[in-house]
Structure formats: structure tokens, C-alpha cells
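If you read the protein sequences in the order shown, they are chains A and B.
Take 0 as the starting number for the first sequence in numbering that gives the first Met the number 0 and just add one per residue.
Take 0 as the starting number for the second sequence in numbering that gives the first Met the number 0 and just add one per residue.
Positions of the beta carbon are idealized from the N, C-alpha and C atoms, including for glycine.
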Amino acid sequence: MNTLLLLAATTDAASLPSASTFAPAVDQTFLLAAWFAVFLVVLATGAMLLVLAGGRSSAPAGTGVLGSGARRVVQSGVLVSVLLVAGFLVHGAFVWADLQVVPRGALPVQVALGDKGWSFTYPNGYVATELHLPIDRPVKLRFQAAREPYTFSVPAFRLQVPVAQGEKRDAWVQATLAGEYELFSTLRPASPFALATAQTVVHAEGGYDKWYQDISGPPLDLPPVELGQRSYQMRGCTQCHTVDGTKLVGPSFKGFLAREHKLTDGQVVEPNDAYIQESIEDPTAKVLAGFEPVMPSFKGRLPEPEIKGLIAYIKSLQ
Amino acid sequence: MSSSTDIGVAKAGSAARASETTETGLGLFTLDSNRLARMYALVMGLALVAGIFLAFGLALQPVSGAPADPEAYRRMYTMHGLALVFLVALPAIPGVLGNVMLPRLVGEEGMAWPRLNLLAFHLFATGALLFLVAFLAAPADTGWSLEVPFAISSTSGIAWSLAAMLSLACSFVCSGANVIATVVQSRRAGDGRAARSWSELPFSAWAFSAAAFVQALAAPILVVALVLLFAQRSGAADAIGASTPGADLRFDTWFWTWGHPAFGAMLLAALAVVSEVFASSAGRKNTATVGSVSALAAIVVLSFAGAGVHVLGRGASAGDDAGASALGLLTGVPFAYLVTTWLFQLAGGALRVTTGLAYGLVFLVMLCAGGMAGVFLVLPPTAAYLQNTCFATAQFHYLAVGAALVALLAGVYHVWPSWARATVREGGGMLACFLLFIGVHIAFVPTLLLGYLGQPRRTGALVAGADDLALWSAVGSALVIVAVVLAGWNLLASVLYSASDEAGKDGA
């Protein structure tokens, strides 16, 4: 049994990376309990073998009442086990408390598991299908409620967070080793062959900020029209607008300057810079005839050059 | 008070058998507890074989690359769990050994209420039949622990299985009441016998009673859980509150308020059997002491109070979770007390080494391993990480296989000479025992390590790095099958061959 454990430990289980601040703490508890368990099981196995091998001794039949020496051993055994229980609990409580208390200033990421798999929403509104994390910085994970209970498990972090059906929950993690790790839910009764696996990407030093900048928007030093075009693609304008004349939830920007812009109150507006900027920052101020006022406001969410770029881009479309 | 050695000593011989020749037929309506035990053993044996073959199929699935059929896989692990939990783990020792051992332990002819005893068996057999119908016609696919909310929306029929569980819950109440009545009645004066004090009861009678008390008291909680789920599924009432948050947590709380004591009762029954095997092997009385009875009482209380460990970290307050952890850890103390006491007692005197004793000792090792694995599942840091993983599966199997299979075999081998009136063939018995000991570790040590890798339970897809361990686990479960079949054959052969020996003698 012991050799088996060691054998197994040298293969798969030992290769599990230790990639978060929790991993060493959990491993420590795990190893402590494991050695204790192995010790006791080996002791019990030894006692078993001794009894079986030395059974036919000629000693007189025991009375079943323990001698005072044996009784003392049993009593101290009980005492030691109670103390161990207390010790285990105190140690466990510290590790647990660390897990519960989200450090201040942790980077917030919203986590949801839906029919289409995991989604991770970043502070700038960007929705990723992989979990991107900075190294050595605490991240607050805000789990969104779902119809089915799920867990967020990343073995490399030694982290598993259960999220009850229909409930929200917070947890946090601080990655300590760059790399890509498996992320899944251990509660998937409906699909026991698909664990809802996703990747967790821990970026090396500086890598996360660069990634975040990339998802945050285009480089601001591009020429305005090009900047506007990138922004148009990255900021989700394409969900409602097109540039080829197709009408979606919103109007197409094709031939923007040449077209008539008639509002719901019948007024026709001049398609100048101020109007475009107002449409982006306060879209319900002037609502186009034939459309619903559903466009979200981008006020405060785009840097000034990007707005200028969008205006230039929209005006440039023939 | 009966001397415990009466039970174990071989009394095989044609004279003894001759007096039993009138006992023919299956005994479907017998009031004789020995024959009823045989009926229990028959049904259980079939459920056990079906259950472990399903287990082998489950272990094989991820390593064999068999086509993935989610529903078939779910049904397989559900029926494996239902058959083995409800037809073997919980009723095995009370049904088979309770009926054989208990009357003799307390110096009675049979159980106090033979008709209630028969009713308990009929409810058990009805449950087994309902599971069989379920298995053939509409297998449940919700996991044996009825995973809500999946169990609410599952389109597999689960009505047959729920009915089976209901029938078994009633059976547990009847058989539990009977055990307690038998023990209480045995103390009364009668048949030229003086009334006896509680302190004269052997330890095993206390342990059997404790097990019966817990199992019977817990069973109605299972009934509540079953009714809640049935009402919810049938649309009769929003019993679990399926659309309000936390339905999973609410149902699991009900379920484990039953489940935790139910498995506590399973362990208590195993303690009853194994203590008797040890005392008898050492040629001494199985005396109940203040210490050992207090340990039983502690286990009874903790098995009811400790159910919180099954929902750790899932929404209860920090205080509740800490309390549940502490109670879970403390449960180890009375067990440790009993085990160390027994080992010292065994070391103290001359021993008859038998297959029964060997199984008894293997049980101690598995109890130790399962108990210690349980520590990981209640210590806050590891508990959070390991829940829903194979670690929990392996921990549970160490205890359930240890108590329901190994301790059962310890007792069966122990009573075999007087129950089956045949001489145990120790060589084959020991070999099967050794194979089981090895097989269990090869199956479940890798499974514990799979849990450390994060491998979810009830899942046919493996996480990174899990392949070798899963393969070992499958090898181990094959060994367990070989060991169980060997033990069964060893027992049967002892009866068949001794019978043919005699036939030979008669012909000469």
C-alpha cells in the first residue's frame, strides 16, 4: 500500500502544478493528513500481520480486560487523537479564512457557466471564453447564478468553488506560476463525458496588462479612420450596426453622410461630428425614426481619440 | 449469558445435519431466523454480483475508450450505487448476521417478533424486486444520492427506484425494531432463567442494538426526502422549491440527514460483528465495558449530529461549517478507541487464526484507511478542493466495502460452522481474503489520487494526467470481483463437498 502510494506519487499526481497561493497551503494540509493516514494504515496492517502470523502462541487466553499499561496506551491514544483533531482544525481554519477573505483591490472578473460554456467578463465589458489572469495579483471571481448548480475547479490552483443553484458567490485567487491550466465543473450530471472544460491562462509578468490593453481597445496612435474601424469592431458596435447597408437592430452606417437622418419626432438632423458624438454618448437623446431606443451609452467608456476615430470612420463610409 | 465461543466453534457433522433435513424449500414464509438469514444472503449475493460487475464496467469506461453514451453511463453508476447501498451495504449485516448471531448472543431461540421479522424481509425482497424491474424497464439515472436539481428534470423514469427505496426504508424500521425488542426481551426472566442486568449483555448485542436504533430512527427521514422529490417531479407541489435558489442544497440536507446516520448504522453493525469475531478468536467473552458502550453512544450521537459534513462550504454559515468539521473529525475518536482496545486484546492471548479473523483484521485496516481519508473531506482546506471528486468516492468505498463486504464476510466465515453446518476451508478462504485486501487498495488508492488531480466523480471523461491511475483502478476492481467470486465459491464448496463426502460414505 505504501509502495503503491509512492509509486503513484512519482507519476501522475506529483506532476500537478502548484500555481496559486492556495496550492502550497492545501498541499501542506494534504501531505500532513496523508502521512498521518499512511502511518496509521501501515500500523494497522502491521498489527494485522503480526496477529495473523503469531496467532498460535501458547499464552493463556486473555480476559478481555486490558492491563494498566495497555489501558494507559489507549487513553493517551485517545488524548493524542483529540489534540490532533484540534490542531488540524486550527490549522485548517487559518487556511480557510485566507480563502474566504477577498483582498482589497483585487481585480474583479465575472464568471458564468451557461449552455454555451464558460464566460469571463472583464471590467471593461470584454467577454472572454478563457480565463486570463495576471501573475502575483489577487483576482476576485464573482460567480453568476445559474439554473444548475456548478463548481469552478482549477486543480492547478487547488481551488474548487461550489455555486448552488440560482445563487451568486464570490471567491478569489492569486496565480503564482505562468502557464495554461485546465478549468472545469465537477457537477455535470447531464453530460458526464463533457466537463465544460476551459483554459485558464496565467500571463507572465507584464503579459496580462498587454492582453488587457489589447482587449480594451485599439492602439490610440493609429490614424483616426483606422483607429475608428478597429474600435467599431472591438467595442461591439457590430452587434447592431453594419457597414454594408444591412439593417440590424440599428441602422447601417453605409453612406452615412449622404443619407437622411430622420428622428421619431419627424425632425431631420444634420449628420455632423456633434450629432455622431451625441449618438454614441447619449443615444436616447435623438432616436432615429423606425428604431427602438436600445443602444447602450458609451459615455465614459471610450477614450477621446477613439470617439474621434469612430466619427472619422463613420463619416468615411461611402 | 451465552458464551460467544459457542457460535464460532465448528459443530459440523452428520448428526447435526440430520436433525435439519426437514428444512427444505426456499423458506419464503419461514419464521425461523436462520433460514430467513439464508434468504437475505441469497438476494444480497445476487445484488452484490450485479453491483460489482457494474462497478467494473464503470472503471473500464474511461480507459477502454468505449463509446460515450451519457444516459447509459448515468444509469450504470446509479444502478450500481442503488443496488449496493440499499440491498447490500445497509441491510447486509443486520439481515444476514443479525438474524444468525443476535439470538445466540443473547441466548434466545430466535428474534423476538418473528412475524415482524418476516415482514421486514418481505419489504426488503419487494425493494429488491422493484430495483430489478427498474433495472430492466426504467433505470434511474440520477446517481444513487438523487442529485437535485438533475433528479427533478431527468427524463429517465425513477419512480420504480423511488418505490424500491421506500420499501427498503420500511424494512429498516421493522428489522431495527425487532433487534431492539430481541435484546430487551432477552433480559427478562423466563424458562428457568433469572433476569439479567444490562451489564451482562455482550458488547456485540449493544452494537447491534445501536445500529438498529440509528437505522430505524433515520429511515423516516429518507421517506421524507423521497416524498419531496416525488411530489416535485410529479408536479403535485413545489416541495423542494425547484425554482427558488439553493434547491440542491435544501434537498441534499434532507438526504444526508438520513444518509449520514444510515452509514453510521452500517459501521455500528460491522463493529458488532467484528468485535464478536475477535473475542471468539481470542477465546474470551465479548464483555461490554463502560468505555466501549460510551464509544458506541458517541458514534450514535455523532452519526446524527455530523450530517453537516456533506454540505460543507455550500452556503451554510462559517460557524455551522466549522461545527460540522469538528463533529466529523471527532467521529474518529470513538472508533480509534475501540480499534486500539481490540488490538491490545488480540495481542494479549492465545489466538485461533481463522479466515473470519483475517477478514476482521482487514476490516480494521479499511476502517482506518476510510476514516483517515474522511479527515481530508472535512478539513476545511482540503474539503473544499476534494468535494465531488473521486477522492470522496474512494473514501466512501473504503468504509462501505470494508463494513458491508469485509466485515460481513468476517461474520459469515465466523458463523459458518454452526449456520451452514460445514467446515470452513481456511486455505481458499484466506487466499480470497488476501486478494480482496490487495484488490481494494489497487482499486482505491489510485482513486484517492485521482481525486487529488481534481477528477470529478460520476464522470466518464478523464482530466489531464489521470489515465494511468484510472487503469490501475480498473485492474483493482477486477481483482475485487475475483476475490468475491472466490470467497463465494469457497463457502459454497464447503457445503457441497462435505455433502458429497458424506454421500460417498453412505454409499460405502
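For residue j and residue i, believed in contact at Cβ under 8 Å, the rounded distance
i	j	result
Pro137/A	Pro102/A	4 Å
Thr388/B	Pro455/B	6 Å
Leu221/B	Met164/B	7 Å
Ile92/B	Ala406/B	7 Å
Cys106/B	Ser185/B	Looking at the sequence provided, one finds Gly at residue 106/B rather than Cys. The pair is a contact, with the Cβ atoms about 6 Å apart (cut-off 8 Å).
Pro379/B	Trp171/A	So it is not a contact: roughly 16 Å between Cβ atoms.
Lys298/A	Asp272/A	Not quite, the Cβ-Cβ distance comes to about 16 Å (not below 8 Å), so this is no contact.
Ala431/B	Ser476/B	The Cβ separation is near 16 Å, so there is no contact.
Leu122/B	Cys169/B	5 Å
Glu425/B	Thr354/B	5 Å
Lys167/A	Ala203/A	About 32 Å; that fails the 8 Å criterion.
Chain B contact for residue i (CB, 7 Å cutoff)
i	result
Arg71/A	no
Ala58/A	For Ala58/A, the pLDDT reaches just 48, beneath the cut-off of 50, and the residue's location in the model is therefore unreliable, although a value from the coordinates is still provided. It does; some Cβ of chain B falls within 7 Å.
Trp95/A	yes
Ala43/A	yes
Asp169/A	no
Leu39/A	yes
Phe87/A	yes
Arg157/A	yes
Asp76/A	Position check: residue 76/A holds Gly in this sequence, whereas Asp was assumed. So, interface residue.
Met294/A	no
Ser80/A	yes
Pro218/A	no
Gly91/A	yes
Length of the line joining the Cα atoms of residue i and residue j
i	j	result
Trp418/B	Arg34/B	9 Å
Val273/B	Ser160/B	32 Å
Val37/A	Val95/B	33 Å
Phe192/A	Ile480/B	26 Å
Gly401/B	Gly205/A	53 Å
Phe202/B	Gly369/B	23 Å
Thr241/A	Ile134/A	38 Å
Gly80/B	Gly50/B	7 Å
Leu495/B	Val42/B	20 Å
Thr339/B	Val73/A	6 Å
Ala137/B	Pro188/A	18 Å
Leu182/A	Val110/A	12 Å
Thr330/B	Gly359/B	21 Å
Phe395/B	Leu98/A	26 Å
Pro333/B	Leu83/B	27 Å
Val332/A	Ala268/B	Only positions 0 to 317 of chain A appear in the structure, and residue 332/A is not among them; the question remains open.
Val89/A	Glu129/A	36 Å
Leu309/A	Tyr76/B	57 Å
Val183/B	Leu27/B	27 Å
Tyr121/A	Tyr384/B	25 Å
Leu45/B	Thr125/B	14 Å
Leu118/B	Ala409/B	27 Å
Leu350/B	Ser291/B	22 Å
Leu82/A	Met371/B	15 Å
Thr175/A	Ala22/A	9 Å
Asp68/B	Met78/B	16 Å
Glu305/A	Leu316/A	17 Å
Arg195/B	Ala188/B	7 Å
Below-7 Å beta-carbon distance, residue i vs any chain A residue
i	result
Phe303/B	no
Met371/B	yes
Phe277/B	no
Leu228/B	no
Tyr336/B	yes
Val99/B	no
Gly464/B	yes
Min CB distance residue i to chain E below 7 Å
i	result
Arg249/B	Looking for chain E here will not work: the only protein chains present are A and B.
Below 8 Å, can you find three or more Cβ-Cβ pairs linking the stretch 322 to 331 of chain B to the stretch 358 to 366 of chain B?
no
For the stretch 185 to 205 of chain A against the stretch 109 to 118 of chain A, do three or more pairs of beta-carbon atoms, one drawn from each stretch, fall closer than 8 Å, so that the two count as touching?
yes
Touching by the beta-carbon criterion (3+ pairs, under 8 Å), the stretch 54 to 65 of chain B and the stretch 469 to 480 of chain B:
Segments in contact, yes.
What runs of the alpha helix (DSSP H), each 4 residues or longer, lie entirely inside the stretch 16 to 100 of chain A?
Within the stretch 16 to 100 of chain A, the runs of alpha helix (DSSP H) at least 4 residues long that lie entirely inside it are, in chain order, 21 to 52 and 67 to 99.
Quick one: complete alpha helix (DSSP H) runs, 4+ long, within the stretch 131 to 204 of chain B?
149 to 152 and 158 to 185
Three or more C-beta pairs under 8 Å: does that hold for the stretch 166 to 179 of chain B against the stretch 206 to 214 of chain B?
yes
Between the stretch 245 to 264 of chain B and the stretch 299 to 318 of chain B, can you find at least three pairs of beta-carbon atoms closer than 8 Å?
Counting Cβ pairs under 8 Å, three or more are found: they touch.
Runs of alpha helix (DSSP H) wholly within the stretch 282 to 349 of chain B (minimum 4 residues, chain order)
289 to 304, 317 to 329 and 331 to 347
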